[in-house]
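So the number in my numbering is just where the residue sits in the sequence shown, counting from 1, plus 1033.
Glycine included, each C-beta is placed from N, C-alpha and C at the ideal position.
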Amino acid sequence: MTTSTTGRHQVVVIGSGFGGLFGTKALRRSDVDVTMVAKTTHHLFQPLLYQVATGILSEGEIAPPTREVLSGQKNAQVLLGEVTDIDLAAQTVTSHVLGRETVVPYDSLIVAAGAGQSYFGNDHFSEFAPGMKSIDDALELRGRIFGAFEMAELGAQRGDNVDHLLTFVVVGAGPTGVEMAGQIAELAHRTLRRDFRAINTRSARVILVDAAPQVLPPFGAKLGANAQKGLEDLGVEVMLGAMVTDVDERGLTVKYKDGSTERINAVTKIWAAGVQASPLGKILAEQTGAPLDRAGRIGVNPDLTLPGYPEVFVVGDMIALDNLPGVAQVAIQGAKYAAKSIDGRLRGKPVTKPFKYFDKGSMATISRFRAVALVGKIRLTGFVAWLMWLAVHLFYITGFKNRVTAVLHWLVSFLGRGRSERTATEQQIFGRNALARLRRGATDLVSEPGEFDAALEAERRAALEEQAAEEVRLTDEGVRGSRIAQSRVNA
Ligand SMILES: Cc1cc2nc3c(=O)[nH]c(=O)nc-3n(C[C@H](O)[C@H](O)[C@H](O)COP(=O)(O)OP(=O)(O)OC[C@H]3O[C@@H](n4cnc5c(N)ncnc54)[C@H](O)[C@@H]3O)c2cc1C
């Protein structure tokens, strides 16, 4: 168990996303110690994940190390770990990383663990259709997308039919799906068109599938139709009213409202369809009796606290309150409100007003220079909306240096036709599924805490030292060179 040395009020924040980071920062002037526990070492700007997946931005630009971001905040510390339990009675948070357990006590708690991908009960789809929730996801998708063009080139040179390799299906016509489909189409039609010899990348099919009758439902019918037209102008095939019923390595099956089905052969599938709140919501619901909705979001009091536990706040994608959407501003504003409440209580000036969300609007890009935006009752489309998208995203990217490099990469991709971040590795593509085959994931690859074998380490060290000494001898005595020379003579 970690203990406080300052005797100050201890705030634990779970998560380093929008809620976690903004909540922690909002407590920087408060008379508290803040411990942020998160399962990644970075803060993640999820709205730009699709640009990492399609080679526009690097992962570092949208995922700065939380430790660096908070390095100047003296009352905050960061702990790596996946929270596995919250004990509301004992007021402790338990986390694990690679078999190591940490228990942190709290006086106040802010839970901001967000949401994961939902496959609507078909989790096995994930093997072949990665989601878009993490840096791992985006890099895997980058590898799969660029890799599909490579495999198509090889196949075409052999004279094979490569249509299934040049077909890309994005499932889910929300902002993420629309942005992803638009960018893959731009890749195929603009960026890559001169790079291959055996295939014509412009013949690639990009299909956007959704069970809903329109794209971008929360934006309303008009902007949805505008976005659909923009995608179709780019060459994206939009299939609406089509529910995905099966996914395998080679493709997927969709079912229409009239009961008919269609098979689409496509090696690259991207799942951008649904969200499921963090399982920590269930742990909290079991201890408080608070309701959970179908997406696993927990019902909270109007002041974002849990029923019966005024010291515990839940914010962001995890909450079900007044039909608030799962967007960054709900998490940011909720976390700031929670921080203000904690600070107010300590100062004897408790916040009495319930949490009120201020909707600053929403937007989605379709292609370079084209977006849709909804701000209050104002609907914007085309270049104006795109400029607005640019300004807002630039403002919210964390860190000055990330802003500068993001602008440079955007110049490369939007004014030019290049992509600065096309590098992909085999590990990016196959690492997730390989780890899933291990019983305990990455934990299987490291020793148990306390199991360190000093004798074995001494043995290994001696062997390494012996090897190094032999290397030095070979070089110093000129043996290495003469041996090579000798072998050349023999050859
Ligand atoms: C691809 C994509 C595009 C999006 N685009 C937009 C957009 O354009 N505009 C917009 O407003 N919103 C957008 N969103 C939604 C927005 O990103 C979320 O609403 C927002 O991130 C929610 O903030 P949060 O703090 O609740 O959760 P998150 O930001 O998801 O943060 C959750 C944090 O908790 C950590 N965590 C999770 N479980 C545990 C655990 N058990 N233990 C420890 N740590 C844990 C995670 O690692 C992460 O650090 C998008 C989301 C995605 C996925």
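With 16 as the cutoff for other CB atoms within 10 Å, does Val1202 come out buried or exposed?
-> Working through the sequence shown from its first residue, we reach residue 1202 at position 169. That one is buried.
Going by Cα to Cα distance, which pick from Glu1212, Arg1226 and Ile1232 is closest to Phe1241?
-> Within the sequence shown, residue 1241 is the residue found at index 208, counting from 1. For the sequence presented, residue 1241 should be read as Leu rather than Phe. Residue Glu1212 is the option with its Cα nearest to Leu1241.
For Pro1098: DSSP bridge partner residues | Locating residue 1098 in the sequence shown gives position 65, where the first residue counts as 1. Looking at the DSSP assignment, Pro1098 forms a beta bridge with His1075.
Identify whether Phe1051 lies in helix, strand or coil by the three-state DSSP scheme.
-> Along the sequence shown, one-based indexing puts residue 1051 at 18. Look at Phe1051 here: in three-state DSSP terms it is helix.
Unbroken stretches of the alpha helix (DSSP H), 4 residues or longer, contained in the region 1155–1195 = Qualifying alpha helix (DSSP H) stretches, in chain order: 1168–1191.
Does DSSP put Arg1283 in a helix, a strand or coil?
-> In the sequence shown, the residue the question calls residue 1283 occupies position 250. Arg1283 falls in the coil class under three-state DSSP.
Any idea if Asp1291 is buried or exposed, counting beta-carbon neighbours within 10 angstroms, 16 or more meaning buried?
-> The residue given as residue 1291 occupies position 258 in the sequence shown. By the 10 Å Cβ count, Asp1291 comes out exposed.
Secondary structure at Ala1439, three-state DSSP: helix, strand or coil?
-> Numbered from 1 along the sequence shown, position 406 holds the residue referred to as residue 1439. DSSP, reduced to helix, strand and coil, places Ala1439 within a helical segment of the structure shown.
To the nearest angstrom, report how far apart Gln1519 and Val1505 are at their CA atoms.
-> Position 486 of the sequence shown holds residue 1519. Position 472 of the sequence shown holds residue 1505. Annotation note: pLDDT 47 at Gln1519 (below 50); position unreliable, no value reported.
Are Ser1400 and Gly1215 close, meaning C-beta to C-beta below 8 Å?
-> One-based indexing of the sequence shown puts residue 1400 at position 367. One-based indexing of the sequence shown puts residue 1215 at position 182. Yes, the Cβ-Cβ distance between Ser1400 and Gly1215 is below 8 Å.
Is the region 1442–1460 touching the region 1099–1109, taking contact as three or more C-beta pairs under 8 Å?
-> With a cut-off of 8 Å on Cβ pairs, the region 1442–1460 is not in contact with the region 1099–1109, counting fewer than three such pairs.
Residue from Val1085, Glu1490 and Gln1190 whose Cα sits closest to the Cα of Gly1176 = Position 143 of the sequence shown, counting from 1, holds the residue named residue 1176. If you compare the alpha carbons of Val1085, Glu1490 and Gln1190 with that of Gly1176, the shortest gap goes to Val1085.
Out of Arg1472, Lys1302, Asn1356 and Thr1301, which has the shortest C-alpha to C-alpha gap to Ala1328?
-> To locate residue 1328, count along the sequence shown from 1; it is residue 295. Between Ala1328 and the set Arg1472, Lys1302, Asn1356 and Thr1301, the nearest pair of CA atoms involves Asn1356.
Short Cβ contact (8 Å threshold) for Phe1416 with Val1280 = As a first step, residue 1416 is located in the sequence shown; it is residue number 383 there, counting from the start. As a first step, residue 1280 is located in the sequence shown; it is residue number 247 there, counting from the start. Cβ distance not < 8 Å, so Phe1416 and Val1280 don't count as in contact.
With 16 other Cβ atoms within 10 Å as the buried cut-off, status of Leu1077 | Here residue 1077 corresponds to residue number 44 of the sequence shown, with the count starting at 1. It counts as buried.
Three-state secondary structure (DSSP) at Leu1241?
-> In the sequence shown, the residue the question calls residue 1241 occupies position 208. Three-state result, Leu1241: strand.
Does DSSP put Ile1430 in a helix, a strand or coil?
-> Here residue 1430 refers to the residue found at position 397 when the sequence shown is read from its first residue. It is coil, neither helix nor strand.
May I ask you to list the residues that DSSP assigns as paired with Thr1458?
-> In the sequence shown, counting from the first residue as 1, residue 1458 sits at position 425. When DSSP reads this structure, Thr1458 sits in no beta bridge, so it has no partner.
Counterpart residues of Asn1298 in DSSP-defined beta bridges | Counting from one through the sequence shown, the residue named residue 1298 turns up at place 265. DSSP lists Gly1284 as partners of Asn1298.
Best match in Thr1087, Pro1358 and Val1425 for proximity to Asp1170 [C-alpha to C-alpha] = As a working mapping, residue 1170 is identified with position 137 in the sequence shown. Of the candidates Thr1087, Pro1358 and Val1425, the one whose C-alpha sits nearest the C-alpha of Asp1170 is Thr1087.
Three-state class that DSSP yields for Ser1400 in the structure shown | Residue mapping note: residue 1400 aligns to position 367 of the sequence shown, counting from 1. Correct three-state label for Ser1400: strand.
Among the residues of its own chain, which have a CB less than 6 Å from the CB of Arg1516, if the five just before and after it don't count?
-> What you label residue 1516 is simply residue 483 of the sequence shown in a count that begins at 1. Residue placement at Arg1516 is poorly supported in this model, since its pLDDT is 49, which falls under 50; the coordinates are not used for a value here.
Inter-residue spacing [alpha-carbon to alpha-carbon] between Gly1180 and Asn1435 = Translated into the one-based positions of the sequence shown, residue 1180 becomes position 147. Translated into the one-based positions of the sequence shown, residue 1435 becomes position 402. Approximately 27 Å between the Cα atoms of the pair.
First and last residue of the uninterrupted alpha helix (DSSP H) at Ala1109 | Along the sequence shown, read from residue 1 onward, the residue named residue 1109 stands at position 76. From DSSP, Ala1109 is part of no alpha helix (DSSP H) but of the beta strand (DSSP E) over Ala1109 to Leu1113.
Find the nearest neighbour of Gln1230 within the set Ala1372, Phe1182 and Asn1194, judged by alpha-carbon distance.
-> Mapped onto the sequence shown, residue 1230 falls at position 197. Per the sequence shown, the amino acid found at residue 1230 is Arg instead of Gln. Checking every option, the nearest Cα to that of Arg1230 belongs to Phe1182.
So is Gly1483 buried or exposed if we call it buried at 16+ other beta carbons inside 10 Å?
-> As a first step, residue 1483 must be located in the sequence shown, where it is residue number 450. Gly1483 should be labelled exposed.
Exposure of Phe1433, with buried meaning 16 or more beta-carbon neighbours within 10 Å = Numbered from 1 along the sequence shown, position 400 holds the residue referred to as residue 1433. With fewer than 16 other Cβ atoms within 10 Å, it is exposed.
What's the call for Ala1297, buried or exposed, on a 16-neighbour Cβ count within 10 Å?
-> For the purposes of this step, residue 1297 is taken as the residue at position 264 of the sequence shown. First, the residue type needs correcting, since residue 1297 is Ile and not Ala in the sequence shown. Answer is buried; the Cβ neighbour count reaches 16.
Whether Glu1454 touches Ile1089 by CB criterion (8 Å) | Mapped onto the sequence shown, residue 1454 falls at position 421. Mapped onto the sequence shown, residue 1089 falls at position 56. Cβ atoms of Glu1454 and Ile1089: closer than 8 Å.
Pull up the distance between the alpha-carbon of Leu1379 and that of Ala1372, whole angstroms please.
-> Within the sequence shown, numbered from 1, the residue matching residue 1379 stands at position 346. Within the sequence shown, numbered from 1, the residue matching residue 1372 stands at position 339. Their backbone Cα atoms lie some 11 Å apart in a straight line.
Evaluate Ile1411 with the Cβ neighbour count: other Cβ atoms within 10 Å of its Cβ, from every protein chain shown; 16 or more gives buried, anything less gives exposed.
-> In the sequence shown, the residue the question calls residue 1411 occupies position 378. Around the CB of Ile1411, fewer than 16 other CB atoms lie within 10 Å, so the residue is classed as exposed.
Determine the burial state of His1157: buried for a count of at least 16 other Cβ atoms within 10 Å of its Cβ, exposed for fewer.
-> The sequence position of residue 1157 within the sequence shown is 124, counting from 1. By the 10 Å Cβ count, His1157 comes out exposed.
Does DSSP put Arg1493 in a helix, a strand or coil?
-> Locating residue 1493 in the sequence shown gives position 460, where the first residue counts as 1. Collapsing the DSSP output to three states places Arg1493 in a helix.
Please confirm whether Ala1218 and Val1136 have their CB atoms less than 8 Å apart.
-> The count along the sequence shown starts at 1 and reaches residue 1218 at position 185. The count along the sequence shown starts at 1 and reaches residue 1136 at position 103. No, they are not a contact pair.
Applying the criterion that 16 or more other CB atoms from any shown protein chain within 10 Å of the CB defines a buried residue, is Ala1123 buried or exposed?
-> Translated into positions along the sequence shown, residue 1123 becomes position 90. Result: exposed.
Kindly list the residues whose CB is nearer than 6 Å to the CB of Thr1200, restricted to its own chain and excluding five residues on each side of it in sequence; keep chain order.
-> Locating residue 1200 in the sequence shown gives position 167, counting from the first residue. Counting only Cβ-Cβ distances below 6 Å, and skipping sequence neighbours, we find Arg1238 and Ala1299.
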